[in-house]
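Protein chains in written order, with the working numbering: chain A, 241 to 508; chain B, 15 to 290; chain C, 151 to 434. Beta carbons: idealized from backbone N, C-alpha and C, even for Gly. From a predicted model like this one, the values you see are computed outputs, not experimental measurements.
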Amino acid sequence: MTTVENLDLLDERRARHALAVEGLSKAYGEGADAVRILEDLDVRVDPNEIVCIVGPSGVGKTTLLRCLAGLLAPTAGTVTFGTDRMTGPISQVGVVFQDYSRSLLPWMRTGENVAFPLQGKGMRRAERHALAQQCLSAVGLPDAGRKYPWQLSGGMQQRAAIARALAYQSEVLLMDEPFASVDAQTRFDLEDLVLDLRKRLGISVVVVTHDIDEAVYLADRVVVLSGHPATVVDVVDVPFGQDRDQIQTKAEPAFTEARARILGRIRH
Amino acid sequence: MTAMLLNPLRILLRLLERLWLVVALFAIWWFASANSTSVYFPALSRIWDALRRGVTDGTIRSDLAYSLTNIVIGILLATVVGAAVGIAVGELEGLRRVLDPFLQFARSVPQSALIPIVIGALGIGQAPKIYMIAFACVWPVLLNAIDGVRAIAPEVRDMAKAYRIPRRLWLRRMVLPAAMPQIMAGIRVALAVGVVVMVVSEIFSATEGIGHFINNAGSVFDIPSAWAGTLIVGALGYVLSVAFVLVEKATLGWYFKSAGTASGAARLRTRGKAAK
Amino acid sequence: MTISEKVYPPTAAPSSAKARRRRGAGVRKRTRLLLWQLVTVAVIAALWTLVYETGALSREIVPPPWDVVHEFLVLAVTGAFWTALATTVSNALIGLAVGVVVGVPLGLLLGISAAAYRSAQFLIDLCRSFPVIALLPVMVLVLGATSEMETVVVFSGVLWPILLQTIYGARRIDQVIADTVRSYRIPALLRFAKVVLPNAAPMAATGVRIAASASILIAVGVEVLSLTPGMGGNLARAQTDGAPALAMAYVVYAGLVGLVLNKVLWIAESRVLSWNRRTTEAER
Numbered sequence: 241m242t243t244v245e246n247l248d249l250l251d252e253r254r255a256r257h258a259l260a261v262e263g264l265s266k267a268y269g270e271g272a273d274a275v276r277i278l279e280d281l282d283v284r285v286d287p288n289e290i291v292c293i294v295g296p297s298g299v300g301k302t303t304l305l306r307c308l309a310g311l312l313a314p315t316a317g318t319v320t321f322g323t324d325r326m327t328g329p330i331s332q333v334g335v336v337f338q339d340y341s342r343s344l345l346p347w348m349r350t351g352e353n354v355a356f357p358l359q360g361k362g363m364r365r366a367e368r369h370a371l372a373q374q375c376l377s378a379v380g381l382p383d384a385g386r387k388y389p390w391q392l393s394g395g396m397q398q399r400a401a402i403a404r405a406l407a408y409q410s411e412v413l414l415m416d417e418p419f420a421s422v423d424a425q426t427r428f429d430l431e432d433l434v435l436d437l438r439k440r441l442g443i444s445v446v447v448v449t450h451d452i453d454e455a456v457y458l459a460d461r462v463v464v465l466s467g468h469p470a471t472v473v474d475v476v477d478v479p480f481g482q483d484r485d486q487i488q489t490k491a492e493p494a495f496t497e498a499r500a501r502i503l504g505r506i507r508h
Numbered sequence: 015m016t017a018m019l020l021n022p023l024r025i026l027l028r029l030l031e032r033l034w035l036v037v038a039l040f041a042i043w044w045f046a047s048a049n050s051t052s053v054y055f056p057a058l059s060r061i062w063d064a065l066r067r068g069v070t071d072g073t074i075r076s077d078l079a080y081s082l083t084n085i086v087i088g089i090l091l092a093t094v095v096g097a098a099v100g101i102a103v104g105e106l107e108g109l110r111r112v113l114d115p116f117l118q119f120a121r122s123v124p125q126s127a128l129i130p131i132v133i134g135a136l137g138i139g140q141a142p143k144i145y146m147i148a149f150a151c152v153w154p155v156l157l158n159a160i161d162g163v164r165a166i167a168p169e170v171r172d173m174a175k176a177y178r179i180p181r182r183l184w185l186r187r188m189v190l191p192a193a194m195p196q197i198m199a200g201i202r203v204a205l206a207v208g209v210v211v212m213v214v215s216e217i218f219s220a221t222e223g224i225g226h227f228i229n230n231a232g233s234v235f236d237i238p239s240a241w242a243g244t245l246i247v248g249a250l251g252y253v254l255s256v257a258f259v260l261v262e263k264a265t266l267g268w269y270f271k272s273a274g275t276a277s278g279a280a281r282l283r284t285r286g287k288a289a290k
Numbered sequence: 151m152t153i154s155e156k157v158y159p160p161t162a163a164p165s166s167a168k169a170r171r172r173r174g175a176g177v178r179k180r181t182r183l184l185l186w187q188l189v190t191v192a193v194i195a196a197l198w199t200l201v202y203e204t205g206a207l208s209r210e211i212v213p214p215p216w217d218v219v220h221e222f223l224v225l226a227v228t229g230a231f232w233t234a235l236a237t238t239v240s241n242a243l244i245g246l247a248v249g250v251v252v253g254v255p256l257g258l259l260l261g262i263s264a265a266a267y268r269s270a271q272f273l274i275d276l277c278r279s280f281p282v283i284a285l286l287p288v289m290v291l292v293l294g295a296t297s298e299m300e301t302v303v304v305f306s307g308v309l310w311p312i313l314l315q316t317i318y319g320a321r322r323i324d325q326v327i328a329d330t331v332r333s334y335r336i337p338a339l340l341r342f343a344k345v346v347l348p349n350a351a352p353m354a355a356t357g358v359r360i361a362a363s364a365s366i367l368i369a370v371g372v373e374v375l376s377l378t379p380g381m382g383g384n385l386a387r388a389q390t391d392g393a394p395a396l397a398m399a400y401v402v403y404a405g406l407v408g409l410v411l412n413k414v415l416w417i418a419e420s421r422v423l424s425w426n427r428r429t430t431e432a433e434r
């Protein structure tokens, strides 16, 4: 389910740059009316790292992710990819949204959906579809190309959305609560897929999630946001390396410690 | 085994269930009017004779061809213009807000009211009729196209922005298909409006066309022919709407099939009914 | 781009000063919108004048805008005009009322009984795609160019949208609700009154609104063709008398009547069916 094949074309995905925000602030409105969401955040994602962002509901995790994606301009501070400042979306950073059923276009087959952003980059038809097929195989959907998205289950649709981000030559995958809408079993499979992709392809991943267990399981570092406006209240290092397992890893004492520490931060 | 044998029977029964009422009504009409001496309500058999006559001597056929040409060209024109302008206005929110009251007014104008004016000015030729049909039909398509574009989920726009989809691709392969269900609903309404305008323009002033046929028959007191023409118009309206449903199924196959799934059903709910 | 900001609007507890400032911003936005709309009117008037002056389109379709405005204002103070307006509107509304009285109960019946609906479906499809106005020559022969004839034609036109929408509303009970009702074995009459009726009401109301616009259109159409007394008749006569500006003024009035009627019904619907506001908005 989570094995990765055909790494040749996907070798370009190997992450070489760090994605970072420095002194990031975001507010809506102007002057005295302004609503400050984020205040002076420093978050860094090094190559081949998985960073999870957690925090209470409504704290601004999604806002932070959008700034990282270049979809939202910060009020203050910078967003940098490598050494360049980001002023808009770039192809090396791909986004996987929570509501996959709306972001996959229902009038196109899954394979076309995955290949579609490449059409915008001017890639030729044969190349696009070959790359799309590779990415679909990479996420465990080798036969889904001819099917329409609404013929696939929720978990498969989310995999397809991940495949699309991969195909777009993303070194960094930004995921906004990607597994919130699927059932628990599928969620475990998808989490393992993310770990697998990170290990085999060398990409970096940022996952916004409200599920602390998921965050500790996936991350190398967990960034905890809290407060109004939101600030980084803690950064927890997770020492499990790149090989993890749903049963073993979650049974380790370090897992429980990290979990308790994060939960404590959020609830106070 | 028995299930397989019953299947054609079941299909036949289902067909009968849907047809019996119409067939029965026609039969009642036929027999109830058989001995009618009323001038205005002739026997159905006489109407049928008039119909056959009209078809065989070619009058109804040529009139029908004329009317059909007008409405098909008119609708096509209205679809292309309405969809294009509607998408443009739908994408430009500021423009849409400014133009909204004007568009609402234009759609409320009874198109039949414009017919005397247009015919009085441009004459009774074929082109003015096509323009009138197109003008009347463009409003439902345009307004529905605007609604369709506005209803595009923000997630779709986000995705396009995140993947930096270029403008032309955005319009051609994202906006147009996304708005298509609404546009098709608009075309359905436009069809009904178009048929009305077609008939009225031909009754009002024409030398050809099925509306003219009816009017003419009425004025020479050939009542059976007038009724026959009326029935033909009804059949025309029905055939056009059946044709439309087939076209809709072909182009929106993905839309209807996706409605079978949970995520698709949510999409279907936001399609809404086209206001006439 | 501000798409994201629309999706995640700011939520802050408004103090009175902040609220006042926000209201101020709203007023400023509306005045700006109004200004742009006045500009559009000016642009239209300018183009119209240009077309008239150059004679690009026949002077008969394009009377000078100031003439139209003049006739428009004159009509407003002419008693005969208001009588004609009243005639047209009353014919339309009577036809509409009869359509509601016949269409809604029939629609509910057909919506509840799947078998009845299957039998009637073909007939309804035939009749709804029939352009009512084609009946006109025959109708004129039978009933003459009278208000009664007009009402009958209006009725036969508005029946279908009302019927169809009511059937649709009565049929589309949410499966979960249907199952709940069945498992509690709610008796038929109570089920009708408390589940079917309120569920069908919003769709039926939409049908009435659609039918209302159609009623004006049909009424005017009938009058234009058969010169039955009313706005449409006056319009057609104005055209044949060679007074295109007057005819245009009538057209504008006809449009306004339709618009006003639609708005009135829309408000009435949202008052009576306020609980359905949320769904109605989405379905619009």
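CB-CB length for valine 448(A) against glutamate 417(A), believed under 8 Å: 6 Å
Short Cβ contact (8 Å threshold) for leucine 264(A) with cysteine 307(A): yes
Other residues of its chain near serine 50(B): CB distance less than 8 Å, five sequence neighbours each side excluded: Pro56 and Ala57
Segment contact flag, the stretch 178 to 191 of chain B with the stretch 357 to 365 of chain A, C-beta cutoff 8 Å, min 3 pairs: yes
Beta-carbon spacing of valine 445(A), valine 434(A) below 8 Å: yes
Chain A contact residues for lysine 175(B), given Cβ-Cβ distances below 7 Å: Leu311 and Pro329
Minimum Cβ-Cβ distance from serine 233(B) to chain A less than 8 Å: no
Where proline 439(C) falls, given that 16 or more other Cβ within 10 Å makes a residue buried: Beyond the ends of chain C as shown, which are 151 and 434, falls residue 439(C); an answer cannot be given.
Of the listed residues Arg254(A), Thr315(A) and Arg349(A), nearest to alanine 271(A) (C-alpha basis): For the sequence presented, residue 271(A) should be read as glycine rather than alanine. It is Thr315(A) whose Cα lies nearest to the Cα of glycine 271(A).
Status (buried if at least 16 other CB within 10 Å, exposed otherwise) for valine 303(C): buried
Glutamine 359(A): contacting residues in chain B (beta-carbon distance under 7 Å): Leu183
Endpoints, the alpha helix (DSSP H) within which aspartate 217(C) is located: 215 to 226
C-beta atoms of arginine 342(A) and alanine 167(B) nearer than 8 Å: yes
Candidates Leu183(C), Leu385(C), Val345(C) and Gly261(C): closest to aspartate 329(C) by CA position: Val345(C)
Limits of the unbroken alpha helix (DSSP H) element including glycine 317(A): Premise fails: glycine 317(A) lies in the beta strand (DSSP E), 316 to 321, not in any alpha helix (DSSP H).
8 Å Cβ cutoff, tyrosine 145(B) in contact with chain C: no
Cβ neighbours of glycine 307(C) in the same chain (closer than 7 Å, five flanking residues each side left out): Val282, Ala364 and Ile368
Those runs of the alpha helix (DSSP H) which lie wholly inside the stretch 259 to 300 of chain C and span at least 4 residues: 264 to 278 and 286 to 293
The stretch 390 to 405 of chain C / the stretch 157 to 175 of chain B touching (three or more Cβ pairs under 8 Å): no
Where lysine 175(B) sits in the DSSP three-state scheme: helix
Inter-residue Cα distance where the pair is leucine 26(B) and alanine 320(C): 28 Å
C-alpha gap between leucine 136(B) and serine 81(B), whole angstroms: 18 Å
For glycine 334(A): DSSP bridge partner residues: Leu413(A)
Arginine 178(C) burial status per 10 Å Cβ neighbour count (16 or more: buried): exposed
Beta-carbon proximity of serine 269(C) to arginine 32(B), cut-off 8 Å: yes
C-beta neighbour in chain B for aspartate 339(A), strict 8 Å: yes
Proximal chain B residues relative to isoleucine 366(C), where beta-carbon distance stays under 9 Å: Ser122 and Pro124
Tyrosine 54(B): contacting residues in chain C (beta-carbon distance under 9 Å): Val288, Leu291 and Val292
Neighbour-count burial assignment, serine 297(C), 16 or more Cβ in a 10 Å radius: buried
From Ser466(A), Val412(A) and Arg404(A), residue whose alpha carbon lies closest to that of serine 377(A): Arg404(A)
Cβ-based burial, tyrosine 334(C) [other Cβ within 10 Å; buried from 16]: exposed
Whole runs of the alpha helix (DSSP H) within the stretch 394 to 482 of chain A, excluding any shorter than 4 residues: 394 to 407, 424 to 441 and 452 to 458
Beta-carbon proximity list for leucine 250(B), same chain, < 6 Å, skipping 5 on both sides: none
is_contact[methionine 198(B), chain A] using C-beta, thresh 8 Å: no
Cutoff 6 Å; reference alanine 395(C); Cβ partners in own chain excluding five residues on either side: Pro213, Asp217, Val218 and Glu221
Local conformation of leucine 259(A) per DSSP, three classes: strand
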